[in-house]
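Undergrad: Protein sequence lines, in the order shown, are assigned to chains F and W. Numbering-wise, the first sequence is residues 1 to 255 according to the numbering used here. Numbering-wise, the second sequence is residues 1 to 656 according to the numbering used here. Idealized CB from N, CA, C, for every residue including glycine. Sharing a structure here in structure tokens format.
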Amino acid sequence: MHILEVNNLKKVYTTRFGGNKVQALSNVSFSVEKGEYVAIMGESGSGKTTLLNILAALDKPTSGEVLLNGKNIGEIKEKEISAFRRDNLGFVFQDFNLLDTFSIQDNIFLPLVLAGETHLEMNKRLLPIARQLEITPILGKYPYEVSGGEKQRAAVARALITRPQLVLADEPTGALDSRATAALLKLFTEINDQGQTILMVTHSIQAASHGKRVLFIKDGEVFHQLYRTSLSTQEMYQRISDTLTTIATGGERRA
Amino acid sequence: MPRFFYQTLALNNLKKNSQTYRAYLLTCIGTICMYFVLHSISVNQALNEISGGAQLKILLFFGVIVIGIFSTIFLLYTNSFLIKRRKKEFGLFNILGMEKRHLAKVMFWENLFTALFGLTVGIVSGMILSKLMFLVLLKLIAFKVPLAFEIPFSSISTSVALFGGIFALSLLYNLGQIQLAKPIELLRGEQVGEREPRTKWLLILLGTVTLGLGYTIALTTESPLQAFSRFFGAVLLVMVGTYCLFTAGSVGVLKLLRRNKNYYYQPRHFTAVSGLLFRMKQNAVGLANICILSTAVLVTLSTTFALYVGVEDQLRNRFPRSIDIVVYDVENTDMGELRAHVFPILERHAVQPQELLDFRNLTITVAQEGDSFLVGREYFSDFSPNVGFLSFLTLADYQKIVNKPLALQEDEVIICSDTNYPYETLTVLEQTFTVKEQGTPFTGQGYLDSFNSYFVIVKDLEILGELHKAQAKVYGENASSFTHYLGFELESTPQQQLDIYKEIRASIANPAVDINSRAAERDSFYMLYGGLFFIGIFLGTLFLMGTVLIIYYKQITEGYDDQKRFVIMQQVGMDQAEVKRTIRSQVLMVFFLPLVTAGIHVLFAFKMISKLLGVFNLTNIALFAWCCVGTFIVFGLFYGLVYACTARVYYKIVSV
Ligand SMILES: Nc1ncnc2c1ncn2[C@@H]1O[C@H](COP(=O)(O)OP(=O)(O)O)[C@@H](O)[C@H]1O
Ligand SMILES: [Mg+2]
């Protein structure tokens with residue numbers, strides 16, 4: 001069974017005063033298998049964030065449906081939606097979204113605290129994750145005291161600590177320098193190798209080239225997809241570049 | 001570079017930031033205006049002519065100091081808030097190629113424009129308002145003689161000096177902020193402020209000690225004079241304590257809570273404790289300000305209202321009889337002479353003297369230590385708590401007052417006072433008397449009621465004479481002599497009482513005779529207490545304005561800061577209602593903390609203030625208590641209203 005199934009998603013934004021309508025997604029369908037690492041590529045403004053927000057039930061689609069483990073997230077009651085999100089999804093954002101009122105450790109604990117876990121259990125889960133993400137030394141620090149790369153690793157830890165079905169990442173490398181980017185992407189590959197399903201949206205070729213599958217969206221639709229199969233990251237990079245050139249020059253749709 | 005480049009840029013900057021700067025300017029104008037008005041009234045020459053004007057001026061001067069302190073703290077605080085918000089903007093300028101010294105120039109012009117505008121508008125509106133306020137004051141207490149009000153030049157110069165100084169300090173602070181920061185830090189400006197607050201144990205200690213000391217002073221104040229001399233010190237101590245504990249103490253407590261893992265890591269407490277920790281860090285000074293201001297509002301309004309309401313009581317306390325005559329330095333033993341002089345005047349006006357008090361007494365300043373009363377300057381300073389008076393009367397005079405036959409031995413006394421005298425003996429000037437009974441308290445020479453003082457009834461003139469000699473030896477030149485007190489109630493119109501009073505006055509030329517008429521003093525009492533009440537309303541309103549401004553500012557800041565947190569918390573899996581609830585409870589707690597603390601301050605200050613009111617002859621403690629309760633309720637309602645209004649602004653910002 002697919003872990004995630006997206007069928008004919010459409011999203012039209014109506015501006016506050018009614019007038020203009022922006023069609024962010026026109027017809028998006030795809031699915032994700034357990035253990036996959038999917039990158040969704042698209043230019044800025046192509047609707048990537050919109051898509052992620054809908055997947056996370058932070059926003060509602062105009063039409064279409066999202067099934068997580070076969071369950072239609074549109075049918076989850078408003079009251080249960082937070083708990084659902086907490087239990088099933090982990091988020092990594094471009095600008096980290098750590099709370100400045102919490103230490104790094106408490107930021108990571110936040111979803112567990114909200115879920116009512118005991119302090120003991122929290123610590124038990126944190127230790128291996130912190131070790132793997134190499135953030136053990138900064139656990140006691142505050143977000144403003146650590147680098148962007150460290151912040152993003154803390155955000156990853158926060159996403160992983162609930163052992164989610166699916167990790168959603170929105171331009172996770174967008175605010176990082178090249179070294180931190182490389183480290184984070186390596187980390188994503190690593191946790192994916194350990195079985196974690198990841199869905200990442202990005203406009204960075206470098207980031208996308210780490211995915212096992214790359215979807216391209218354009219004009220609000222999935223335009224094309226690439227499978228990594230046995231390609232190296234280097235070769236993948238090349239393939240993605242070529243595809244983007246094709247898309248930019250108005251190449252034909254090969255989805 | 002074009003001419004007036006920096007000036008234009010500075011003006012544009014002010015315009016661009018008008019949403020926050022408008023409130024800042026308003027605050028500048030408001031505080032300058034408040035200060036100016038209060039100062040101009042406090043130095044007003046006309047007040048010298050009112051009886052009781054000196055006390056009024058002391059109080060006003062106290063108000064001026066409080067407003068000065070408050071303005072300084074508040075304006076500096078508002079300024080630092082604004083500059084923090086603008087750091088990003090400066091970072092951008094800096095990166096776009098403006099050097100720091102250029103930024104400094106822009107900063108200078110901005111501050112200068114703000115200062116000029118604030119001072120001009122503040123002082124001009126102050127001039128208009130002070131005149132108006134003075135007229136209102138005259139009207140309110142029905143001055144028969146209109147008092148002149150001139151705008152004192154000194155008010156202009158002090159206002160300019162004080163607020164010019166504050167603006168200069170703000171500028172220095174802003175320049176320091178720019179100078180110290182690296183461009184990248186400027187760009188991150190707002191986040192840099194989010195430093196985890198440290199627990200400052202020294203401040204907590206200082207705060208606890210000062211607050212404790214202030215409270216102790218307030219609680220151990222026993223006499224009005226003592227209260228008068230200690231009040232300012234106690235207020236300063238409590239203010240310092242409040243600032244320290246709001247800033248450091250709150251952080252300390254929250255950190256202790258955070259250390260308790262089982263408590264901290266629960267959904268409710270988790271966000272609340274950490275949220276409050278940061279709120280306190282950012283808001284502590286503002287909250288302490290609100291607390292101090294609220295306390296000031298409560299104290300000024302309740303005291304002045306109580307004084308105004310109880311003015312007839314005070315009049316009666318101060319002048320227990322319609323007319324009283326005190327003859328000092330009585331040498332002769334003929335008590336009839338004064339009566340023979342005064343009563344024919346009453347007869348001519350066809351009125352009978354009633355509730356007659358007619359006695360000779362010897363009043364000695366003493367320091368009480370249990371049942372022994374020490375005589376001699378070395379035993380007390382003017383303001384020591386145990387200082388008081390013993391007023392000796394003969395049994396013969398006392399019998400006339402209480403109208404019943406009594407007997408006393410040579411070594412026996414009767415003690416009359418509102419204050420209970422729990423001892424069986426009384427030792428003074430090396431003589432020990434047995435207290436035969438506690439007599440009926442009676443009034444006479446009103447000031448005696450304000451202190452821990454006793455009327456002591458001795459057997460006869462001979463003993464009185466011995467006491468006189470004994471104290472004369474100790475006090476030498478400053479020794480007291482016998483006085484003769486004659487007081488009576490008159491049932492007649494105020495005008496007739498005034499006529500009688502004037503006639504008696506005219507007929508007694510001796511400067512060692514003090515003649516008082518309640519009717520004659522009534523006007524000045526109304527002037528003083530009406531005036532005080534006016535000032536109280538005035539000060540209370542000003543403080544209230546300050547409170548509203550701070551609360552408004554707080555809500556805006558909170559709003560912008562919480563907006564981001566609000567979104568993140570939802571993403572991490574907190575539901576919207578829950579987020580709203582936690583934020584609401586935190587905001588509520590933060591905003592009502594100052595009010596509760598202010599209430600506690602007033603509670604502790606109650607005893608001291610009631611003693612202080614004794615100086616103003618207010619002894620009706622229950623009345624004062626009710627005024628306190630009433631003020632607190634009204635103020636609390638108003639506070640809640642302000643909170644509700646500004647909270648709407650807050651939720652609008654947050655929920656965008
Ligand atoms: N809340 C919104 N209201 C109206 N239009 C929006 C809103 N959010 C996004 N859009 C528009 O939808 C389009 C897709 O935006 P977004 O999903 O943020 O793109 P991406 O993340 O790929 O850069 C853009 O044209 C954007 O202007
Ligand atoms: Mg985006």
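1) Answer yes or no: does any C-beta atom of chain W fall closer than 7 Å to that of LEU55 of chain F?
2) Excluding sequence positions up to five away, which residues of its chain have a Cβ less than 6 Å from the Cβ of ALA261 of chain F?
3) Let me make sure I understand the geometry here. Which of W:MET569, W:SER610, W:SER372, W:ILE600 has the alpha-carbon closest to that of ASN97 of chain F?
4) With a threshold of 7 Å between beta carbons, is PRO111 of chain F in contact with chain W?
5) For ASP561 of chain W, count neighbouring Cβ atoms within 10 angstroms of its own Cβ and tell me buried if that reaches 16, exposed if not.
6) Can you check whether the C-beta of ILE568 of chain W is within less than 7 Å of a C-beta belonging to chain F?
7) Where does GLU134 of chain F fall in DSSP's three states?
8) Give the residues of chain F in contact with MET589 of chain W, contact being defined as C-beta atoms less than 7 Å apart.
9) Give me every residue whose Cβ sits closer than 5 Å to any heavy atom of ligand 1, in chain order.
10) Using the beta-carbon of each residue, which ones in chain W are nearer than 7 Å to SER271 of chain F?
11) LYS255 of chain W: which of W:GLY241, W:ILE204, W:THR27 sits nearest, CA to CA?
12) Helix or strand or just coil, what does DSSP make of GLY211 of chain F?
13) Cβ of ALA101 of chain F less than 7 Å from any chain W Cβ?
14) From ASN8 of chain F to GLU221 of chain F, what does the alpha carbon distance come to, in whole angstroms?
15) Just to confirm, are LEU426 of chain W and ASP499 of chain W a CB contact at a threshold of 7 Å?
16) Quick check: the Cα distance between PHE30 of chain F and GLN225 of chain F, rounded to an integer number of angstroms?
17) Please work out which residues of its chain come closer than 8 Å, Cβ to Cβ, to ILE550 of chain W, disregarding the five sequence neighbours upstream and downstream, and give them in chain order.
18) Among W:THR631, W:ALA46, W:ILE504, W:VAL587, whose alpha-carbon lies nearest the alpha-carbon of VAL649 of chain W?
19) Applying the criterion that 16 or more other CB atoms from any shown protein chain within 10 Å of the CB defines a buried residue, is ASP329 of chain W buried or exposed?
20) For LYS261 of chain W, return the contacting residues in chain F, with the cut-off set at a CB-CB distance below 8 Å.
21) Kindly indicate if chain W contains any beta-carbon less than 7 Å away from that of LEU127 of chain F.
22) Is the separation between the beta-carbon of PHE533 of chain W and that of THR304 of chain W shorter than 7 Å?
23) When you compare the CB positions of VAL458 of chain W and VAL413 of chain W, do they come within less than 7 Å of one another, or not?
24) What in chain F is Cβ-close to LEU277 of chain W, meaning under 8 Å?
25) Just reading off the beta strand (DSSP E) that ASP514 of chain W is part of, what are its end residues?
26) Please work out which residues of its chain come closer than 7 Å, Cβ to Cβ, to THR243 of chain F, disregarding the five sequence neighbours upstream and downstream, and give them in chain order.
27) For LEU180 of chain W, I'd like the list of residues in its chain whose CB is within less than 7 Å of its CB, leaving aside the five on either flank, ordered along the chain.
28) Out of F:GLU235, F:THR229, F:THR249, F:ILE205, point me to the one whose CA is closest to ILE40 of chain F's CA.
29) Quick check on the DSSP output: what are the complete alpha helix (DSSP H) runs of length 4 or more inside the stretch 97-167 of chain F, in order along the chain?
30) From W:LEU618, W:LEU637, W:ALA577, pick the residue whose C-alpha is nearest to that of PHE592 of chain W; which is it?
31) List the residues of chain W whose Cβ lies closer than 8 Å to the Cβ of MET200 of chain F, in chain order.
32) Relative to the C-alpha of HIS269 of chain W, which candidate in F:GLY116, F:ILE3, F:ALA207, F:SER63 has its C-alpha closest?
33) Between the stretch 153-176 of chain W and chain F, which residues of the former have a C-beta closer than 8 Å to a C-beta of the latter?
34) Spell out a yes or no on whether the stretch 613-633 of chain W and the stretch 305-316 of chain W are touching, meaning 3 or more CB-CB pairs, one atom from each, closer than 8 Å.
35) Give me the Cα-Cα distance between VAL192 of chain W and GLU36 of chain F, rounded to the nearest whole angstrom.
36) With a cut-off of 8 Å, do at least 3 Cβ pairs link the stretch 569-579 of chain W to the stretch 72-91 of chain W?
TA: According to the data block:
1) no
2) With chain F represented from 1 up to 255, any question about residue 261 of chain F goes unanswered, as that position is not in the structure.
3) W:MET569
4) yes
5) buried
6) yes
7) coil
8) Neighbours of MET589 of chain W on chain F: none; closest Cβ ~15 Å, over 7 Å.
9) F:TYR13, F:VAL22, F:ALA24, F:SER44, F:GLY45, F:SER46, F:GLY47, F:LYS48, F:THR49, F:THR50
10) Absent from the model: residue 271 of chain F. The displayed extent of chain F is 1 to 255, so no value can be given.
11) W:ILE204
12) coil
13) Position check: residue 101 of chain F holds Thr in this sequence, whereas Ala was assumed. THR101 of chain F counts as touching chain W.
14) 9 Å
15) no
16) 10 Å
17) PHE74, GLY286, ASN289, ILE290, LEU293
18) W:VAL587
19) exposed
20) HIS119
21) no
22) yes
23) yes
24) THR101
25) 513-517
26) PHE216, HIS224, LEU226
27) none
28) F:ILE205
29) 104-114, 119-133, 148-160
30) W:LEU637
31) The contacting residues do not exist; MET200 of chain F stays about 16 Å from chain W at best.
32) F:GLY116
33) none
34) yes
35) Because the pLDDT of VAL192 of chain W is 47, which lies under 50, any placement of that residue in the model is unreliable, and the number read from its coordinates should be weighed accordingly. Looking at the two C-alpha atoms, the distance is approximately 39 Å.
36) no
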